[in-house]
Each structure stands twice: as C-alpha cells, then as structure tokens.
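Report on one structure; see the data block that follows.
2 protein chains.
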Amino acid sequence: MRLHQRTDFAIRLLIYLGLAGSGPVSVGRVASSFAISEHHLAKVAQRLRDLGYVRLVRGRSGGLELLRDPEDIRMGELVRQLEQHILVECFEPATDQCRISSACSLKRLLERARSSFFAELDRSTLADLITPRRDLVRLLSIGATSS
Amino acid sequence: MRLHQRTDFAIRLLIYLGLAGSGPVSVGRVASSFAISEHHLAKVAQRLRDLGYVRLVRGRSGGLELLRDPEDIRMGELVRQLEQHILVECFEPATDQCRISSACSLKRLLERARSSFFAELDRSTLADLITPRRDLVRLLSIGATSS
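Residue numbers (this note's numbering), protein chains in the order written: chain B, 1 to 147; chain C, 1 to 147.
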C-alpha cells in the first residue's frame, strides 16, 4: 500500500509554501531544501497549479504562491485529487482481466475502505501540517540567506 | 494508491479455496481459472502458508487447503499482513531522507488514515467475498471437468 511519490512531493511543496508565507518561492529552492529532484518537483507544481492550489508568478523574482489558505486545504481532498485510485486490477475496467469482476464484491469493499482513508485525512488541513512551525522552518532553512 | 499485485492474487486464491470447499486444489488450477501466472501465485501460496491461512497437501492429488473458516478470515487482518505498509518515504526509517521527518506530522496522519482503511476492511470476512457463490463458481468453472 503505497502513495505515489508525486503525492508525497506535492504535500512537501505545499508544506514549504504554507511555511514560507507571502511572496513567490522558486521550485528550485524548495527542491534544494528537501534535497529532491527539481525536475520531478516542477511537474508536481504544474499539477498543483492545474488543480488550483498554487499559481506561478513569472519573472526574475517569480516562483510559486499558495492560492488557498492552509486552513482551507483538506488533506483528504488533496490526496484524492492526486492519486489515481487504482487499488487493484478491477479498478481499471479498460484493462481488467479478472474473471470474476462481474460478481465479486472486493471492489466495493476496497472502495469503502478507501473512503474511510480519505475521510480520516480530511480531518486535517495543511495548517495542521505546518506545525510545529519553528522546527519545520529551521529544518528547511526557510528565510535563511541563500549561499 | 495501490495494493501489491500479490495481495490481489492472495485474495483471489482464498476466494477460490473458499468456494471450492473441502479437498486440496492445485495452484495450477487456480492460476488457470483466473488466467494469471502460476509462478506468481505459487509464491503467494507460500506466503499464505507461512501466515497460517492455507496448508500444502503433498502427493499426486495434493494441493492447497484452507486452514480457517471463511467467516474467521477478516479482510483487514489479511491485507495488513500482506502489505508492507509503506505509504510514503518516511515510513522506512532506514532509507528515509526527508529533511523534516523529525518534526512533521504527516506520518501520524497517514497512519491514522491507514488504520481507518483496515478497520473498514475488517468489517468483512472471506465469507462475504465468496457470495454470490453460484455466480462465482460458474465464472471460475469450479467443479467443471478439466479439459
């Protein structure tokens, strides 16, 4: 049971932006703070832009800005949008080759379990994930002068 | 969000054994009924044997037998045992390189969500998955003469 790396990276990017506050932040800076691939993070940023979580400010001091208040970003909603929701083969009707899909109740059972998973995530918002703020800001060197 | 293929195959194998009732069933027969890899299914069968769900009867008419009543096999317990539980990088302390793991609450949030997922699965047993029996038996050609 695994979430996509892009979901993990998307959450990290939003945590960074939530901590950084106002003013655009470059993808390169976030990638560097987390020591992760800037290329992958840029793709994640595009997806978050398409979903309306961030906007891209162009120009020399441009970068990403959070478009929604951290209190308004429910984690279940976010993860639901980022994940493709394929738990097992029968979740993809176009390619499903399981012989018993037409009569099997496993899919419905897994759908209920997945709903419980997201419902629990929806009890938290990005605001919950950017605390303890001071520790997180320190670990990510946010606000430190670039070297 | 995806379960391992081996978890999917393990559930299919147990469904087959639950439908077949008494008497050992060969891995080859189950693989053939589902049109899946016998090699992969044999590995899954070993894991289920190690976990105490099935036993291997040796000999010419040997095969796998279910060791527990379908009513006693809770799906949450089964999936919990089969999945490695790695939702994101910080679930593997040995290889985790995330800079904020020491202060971040994402892992605890995902752990709670995962518990909700398994709790929902635990509301069903293998007995629920082997109904409607007649349809499932027909789709898998259980009891039909081998061609």
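We treat Cβ as the ideally placed atom computed from N, Cα and C, and that holds for glycine.
Counting Cβ pairs, one atom from each stretch, are 3 or more of them under 8 Å apart for the segment 74-88 of chain C and the segment 42-54 of chain B?
The segment 74-88 of chain C, when compared against the segment 42-54 of chain B, does not touch it at the 8 Å Cβ threshold.
Outcome for Ser-37 of chain C when other beta-carbon atoms lying within 10 angstroms are tallied against a minimum of 16:
It counts as exposed.
Residues sharing a beta bridge with Thr-125 of chain B, DSSP
For Thr-125 of chain B, the beta-bridge partners assigned by DSSP are B:Arg-74.
Just the chain B side, please: which residues come within less than 7 Å of Ala-35 of chain C by C-beta, in chain order?
Under the 7 Å cutoff, chain B gives Gln-97 and Arg-99.
Just to check my reading of the structure: Gln-25 of chain B and Leu-17 of chain B have Cβ atoms closer than 8 Å, yes? What is that Cβ distance to the nearest angstrom?
Looking at the sequence shown, residue 25 of chain B is not Gln but Val. In this structure Val-25 of chain B is in contact with Leu-17 of chain B, their Cβ atoms being roughly 6 Å apart against a cut-off of 8 Å.
Beta carbon proximity, Asp-128 of chain C to chain B, threshold 9 Å
Output row for Asp-128 of chain C: interface = yes.
Going along chain B, which residues have a C-beta under 7 Å from Ala-113 of chain C?
In chain order: Phe-117, Glu-120 and Leu-121.
Contacts around Thr-125 of chain C, its chain only, beta-carbon distance under 8 Å, and the 5 residues preceding and following it disregarded
Only residues of its own chain outside the window of five on either side were considered, and among them Pro-70, Glu-71, Asp-72, Ile-73, Arg-74 and Met-75 have a CB closer than 8 Å to the CB of Thr-125 of chain C, listed in chain order.
In whole angstroms, what is the alpha-carbon distance linking Pro-93 of chain C and Gly-23 of chain B?
Each residue's alpha carbon lies about 34 Å from the other.
When the Cβ atoms of the segment 105-117 of chain C are set against those of the segment 111-121 of chain B, are three or more pairs found closer than 8 Å?
Contact check between the segment 105-117 of chain C and the segment 111-121 of chain B: three or more CB pairs, one atom from each, fall below 8 Å, which counts as touching.
Going by DSSP, which residues form a beta bridge with Arg-55 of chain C?
DSSP lists C:Glu-65 as partners of Arg-55 of chain C.
The alpha helix (DSSP H) spanning Gln-5 of chain B covers which residue range?
Its alpha helix (DSSP H) spans residues 5-20.
I'd like to know if Ser-146 of chain C contacts chain B, where contact means its C-beta is closer than 9 Å to some C-beta of that chain.
Any reading at Ser-146 of chain C is ruled out, since the residue's pLDDT is 46, under 50, leaving its predicted position unreliable.
Let's test the definition: count the other Cβ atoms within 10 Å of the Cβ of Thr-7 of chain B and tell me whether it reaches 16, buried, or not, exposed.
When all chains shown are included, Thr-7 of chain B counts as buried.
Pick from C:Arg-29, C:Gly-21 and C:Lys-43 that is closest to Gln-5 of chain C, judged by C-alpha positions:
Residue C:Lys-43 holds the alpha-carbon nearest to the alpha-carbon of Gln-5 of chain C among C:Arg-29, C:Gly-21 and C:Lys-43.
What do you get for Gly-21 of chain C, buried or exposed, if any count of 16 or more other CB atoms within 10 angstroms of its CB means buried?
Residue environment analysis places Gly-21 of chain C among the exposed positions, since fewer than 16 neighbouring C-beta atoms fall within 10 angstroms of its C-beta.
With 16 as the cutoff for other CB atoms within 10 Å, does Gly-63 of chain B come out buried or exposed?
Counting Cβ neighbours within 10 Å, Gly-63 of chain B comes out buried, since at least 16 surround it.
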